Each structure stands twice: as structure tokens, then as C-alpha cells.
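K.L.:
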Amino acid sequence: MSGQLPEPRFCNIGTRTLAYDEIRPEHPQGNVLFLTGLGSNRLGWRGQLPVFGEKYRALAIDHRDTGDSDLTDADYSTADQADDAAAFLRAMNAAPAHIVGISMGGFIALNLAVRWPELVQSLTLVSTSAGGASHVKPDEAGLEVLRPDFTLSPGERARRSYGLMMAPGFMDANPKAAAAIAANAGYRPLTPERYARQFRSTRTHDVTGELEKLLVPTLVVHGDADPLVRYENGQHLAAHIPGAEFITYSGTGHIPTAERAEEFNRAVLGFLARH
Numbered sequence: 001m002s003g004q005l006p007e008p009r010f011c012n013i014g015t016r017t018l019a020y021d022e023i024r025p026e027h028p029q030g031n032v033l034f035l036t037g038l039g040s041n042r043l044g045w046r047g048q049l050p051v052f053g054e055k056y057r058a059l060a061i062d063h064r065d066t067g068d069s070d071l072t073d074a075d076y077s078t079a080d081q082a083d084d085a086a087a088f089l090r091a092m093n094a095a096p097a098h099i100v101g102i103s104m105g106g107f108i109a110l111n112l113a114v115r116w117p118e119l120v121q122s123l124t125l126v127s128t129s130a131g132g133a134s135h136v137k138p139d140e141a142g143l144e145v146l147r148p149d150f151t152l153s154p155g156e157r158a159r160r161s162y163g164l165m166m167a168p169g170f171m172d173a174n175p176k177a178a179a180a181i182a183a184n185a186g187y188r189p190l191t192p193e194r195y196a197r198q199f200r201s202t203r204t205h206d207v208t209g210e211l212e213k214l215l216v217p218t219l220v221v222h223g224d225a226d227p228l229v230r231y232e233n234g235q236h237l238a239a240h241i242p243g244a245e246f247i248t249y250s251g252t253g254h255i256p257t258a259e260r261a262e263e264f265n266r267a268v269l270g271f272l273a274r275h
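The UniProt record's numbering numbers the first residue of the sequence shown as 1 and each following residue consecutively.
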């Protein structure tokens with residue numbers, strides 16, 4: 001979780017304002033947009049932005065109703081979130097971009113590629129799913145993650161949830177990473193109502209019938225011990241997206257971006273360099 005990032009920047013996309021972080025070299029080799037998962041915020045990419053920002057214009061956004069972005073009191077869909085990301089890329093003059101999405105962020109990335117393929121240079125789909133009837137549901141630990149205890153402090157709630165969805169023992173064995181996870185969760189945490197809206201948005205995601213039509217270079221990354229978005233979902237994506245590359249991390253849970261951070265960064269940078 002290296003690298004200190006500045007205060008959030010803001011981008012007006014017409015109907016709302018999104019908060020984002022950005023790191024870029026003097027002569028970027030392209031654009032990379034990072035999309036975070038359910039209950040998380042842009043700070044979850046602090047292990048990636050400084051690394052990718054050495055070569056690329058690296059951007060991470062807070063989704064609507066999250067972090068420093070505009071709040072809402074209305075329900076929304078994954079397609080709406082994808083349209084937000086598309087509007088952000090256009091407003092920032094950052095398209096086409098390599099899109100890296102984890103979990104719900106992968107849902108958004110897939111919808112972005114389906115709805116706005118001209119904005120997408122490549123897809124990296126981490127711990128995610130096509131949704132719909134093909135989705136393999138969580139196991140018991142994963143289901144428990146989806147029922148966060150809002151009587152706990154945000155940091156303690158994150159420690160509990162991440163302890164359930166990462167490989168057993170990871171949080172205890174990596175106190176620095178655990179402390180960063182707790183600190184990130186304490187920054188503008190979701191209320192129960194905002195969490196519920198975001199959770200309902202995930203239920204709208206279904207691109208099962210669109211996978212065979214995706215023509216953008218795609219890398220699928222999944223841990224085989226993921227209790228939340230089970231490994232079979234990554235296998236399904238890799239099998240049905242034409243030409244997709246597939247990386248399996250053995251004994252790894254739902255957050256390979258932290259559990260296997262150095263390997264993940266190296267592998268994704270290699271993939272981007274080829275595309």
C-alpha cells in the first residue's frame with residue numbers, strides 16, 4: 001500500500017460530480033482506469049496507482065454515492081455506473097483506456113465494454129462475474145461478507161469482512177496491509193442506506209449473453225479460494241470471452257490486488273504492455 005496520494009480531484013460529468021485520484025508520468029504510455037468493488041472507495045487502489053502511474057496516466061474513481069463523489073437517494077443500475085465511467089473518460093480526455101475492475105468494479109467494466117466499446121482499450125477483470133444465470137453464488141463466508149455489521153466501527157467492520165473474503169490468515173500475517181484496509185474503510189464510509197443501494201445495483205448486472213461479442217483484449221484474474229465471487233465465475237468469463245487470458249492465484253481469496261499485490265501489478269503491467 002505504498003505511495004501517498006494528494007487530495008481528491010473532481011470531475012463534472014453533467015448530472016453529477018465524481019471524485020478521483022490521478023498519478024501520471026510526464027509522457028504517459030496510455031490511460032488506465034481502476035474501478036473498485038462493493039462497499040469500497042478509490043483508496044483501495046493505493047497499492048496500484050503509484051506503480052501504474054510510473055508509465056501510464058492512472059485514474060481511480062469513487063462511484064456515485066461513494067467516497068467523495070456526489071451522493072444520491074435514488075436506486076441505480078450497473079449500466080448507470082458504467083455510463084458514469086464512460087462520461088468520466090470522455091470528460092477527462094482519457095479514452096480509450098485500459099479498464100481494471102475488481103468484483104463490482106468488474107461488473108461495471110464489463111458493462112462499459114458492452115455499452116461503450118470504443119472507450120475501452122483492454123479489460124482486466126479481477127474476482128468478478130458475468131452475472132445473471134451463469135453466476136455461481138458465494139459460499140457461507142462470502143454470504144457473511146454481504147451482511148456487514150454496521151454496529152462496528154468502519155475499520156473493525158472492514159477487518160471482519162476482509163478477513164472473511166481473503167485467504168485465511170492473511171490479515172493476521174500482514175498487519176501493514178490490514179491497517180491500510182481499515183484506514184481506507186474509515187474514509188467517508190458508506191451508510192447502511194448507501195450500502196443497500198449499491199448492493200441492489202449489483203443485482204442488475206448480467207452480461208452473460210454479451211461475452212462472446214466482446215472483442216477487446218481481456219485478462220481474467222481470480223483466486224481459487226475466493227468465497228465471495230467464486231472461482232467458477234472467473235473460469236466462465238475466461239471460457240466465453242474470445243481470446244481471454246486467465247491468471248489463477250492458488251490459495252488466494254477475493255482481493256488478489258492486496259493478497260498478491262506485487263505479482264498482480266507485474267502481471268497486469270505485462271498484459272497492458274502487449275496491448
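Beta carbons: idealized from backbone N, C-alpha and C, even for Gly.
Note that the structure is predicted; figures quoted are calculated from it, not measured.
Which residue marks the beginning of the alpha helix (DSSP H) containing His240, and which one marks its end?
P.N.:
Taken as a continuous stretch (DSSP letters only), the alpha helix (DSSP H) holding His240 covers 231–240.
K.L.:
Do you know how far the Cα of Leu18 is from the Cα of Gln198?
P.N.:
Roughly 16 Å separates the two Cα atoms.
K.L.:
For Thr248, which residues does DSSP report across the bridge?
P.N.:
His222.
K.L.:
Can you tell me the Cα-Cα spacing of Gly47 and Ser40, whole angstroms?
P.N.:
If you take the alpha carbons of Gly47 and Ser40, they lie about 14 Å apart.
K.L.:
What span of residues does the alpha helix (DSSP H) with Val114 cover, start to end?
P.N.:
It spans 104–115 - the alpha helix (DSSP H) in which Val114 sits, taken as one unbroken run.
K.L.:
Can the beta-carbon of Val268 be found closer than 8 Å to that of Val136?
P.N.:
Contact: no.
K.L.:
Tell me which same chain residues have a C-beta within less than 6 Å of the C-beta of Thr208, skipping the five on either side of it?
P.N.:
Closer than 6 Å at the Cβ level, and outside the excluded window around Thr208, lie Ala130, Gly132, Ser134.
K.L.:
Could you check where the beta strand (DSSP E) with Asn265 kicks off and where it finishes?
P.N.:
Run containing Asn265: none in the beta strand (DSSP E); it sits in the alpha helix (DSSP H), 261–274.
K.L.:
Among Asp83, Glu263, Gly155, whose alpha-carbon lies nearest the alpha-carbon of Val120?
P.N.:
Of the candidates Asp83, Glu263, Gly155, the one whose C-alpha sits nearest the C-alpha of Val120 is Asp83.
K.L.:
First and last residue of the alpha helix (DSSP H) that includes Asn184?
P.N.:
Per DSSP, Asn184 belongs to the alpha helix (DSSP H) from 175–185.
K.L.:
Relative to the alpha-carbon of Glu7, which residue among Gly14, Thr15, Ile13, Tyr20 has its alpha-carbon at the smallest distance?
P.N.:
Out of Gly14, Thr15, Ile13, Tyr20, Tyr20 has the C-alpha closest to the C-alpha of Glu7.
K.L.:
Report the option in Thr218, Ala74, Leu43, Glu54 whose CA atom is closest to the CA atom of Ala60.
P.N.:
Here the closest residue by C-alpha is Leu43.
K.L.:
Out of Phe271, Glu156, Thr202, Thr124, state which residue places its alpha-carbon closest to the alpha-carbon of His63.
P.N.:
Looking at the Cα atoms, Thr202 is the closest of the given residues.
K.L.:
Grab the span of the alpha helix (DSSP H) containing Tyr162 for me, first residue to last.
P.N.:
Segment 154–165, the alpha helix (DSSP H) holding Tyr162.
K.L.:
Measuring alpha carbon to alpha carbon, tell me which of Tyr76, Ala86, Gly186, Phe107 ends up nearest Thr36.
P.N.:
Out of Tyr76, Ala86, Gly186, Phe107, Phe107 has the C-alpha closest to the C-alpha of Thr36.
K.L.:
Which residues does DSSP pair with Ser122 in a beta bridge?
P.N.:
Answer by DSSP bridge pairing, in chain order: His98.
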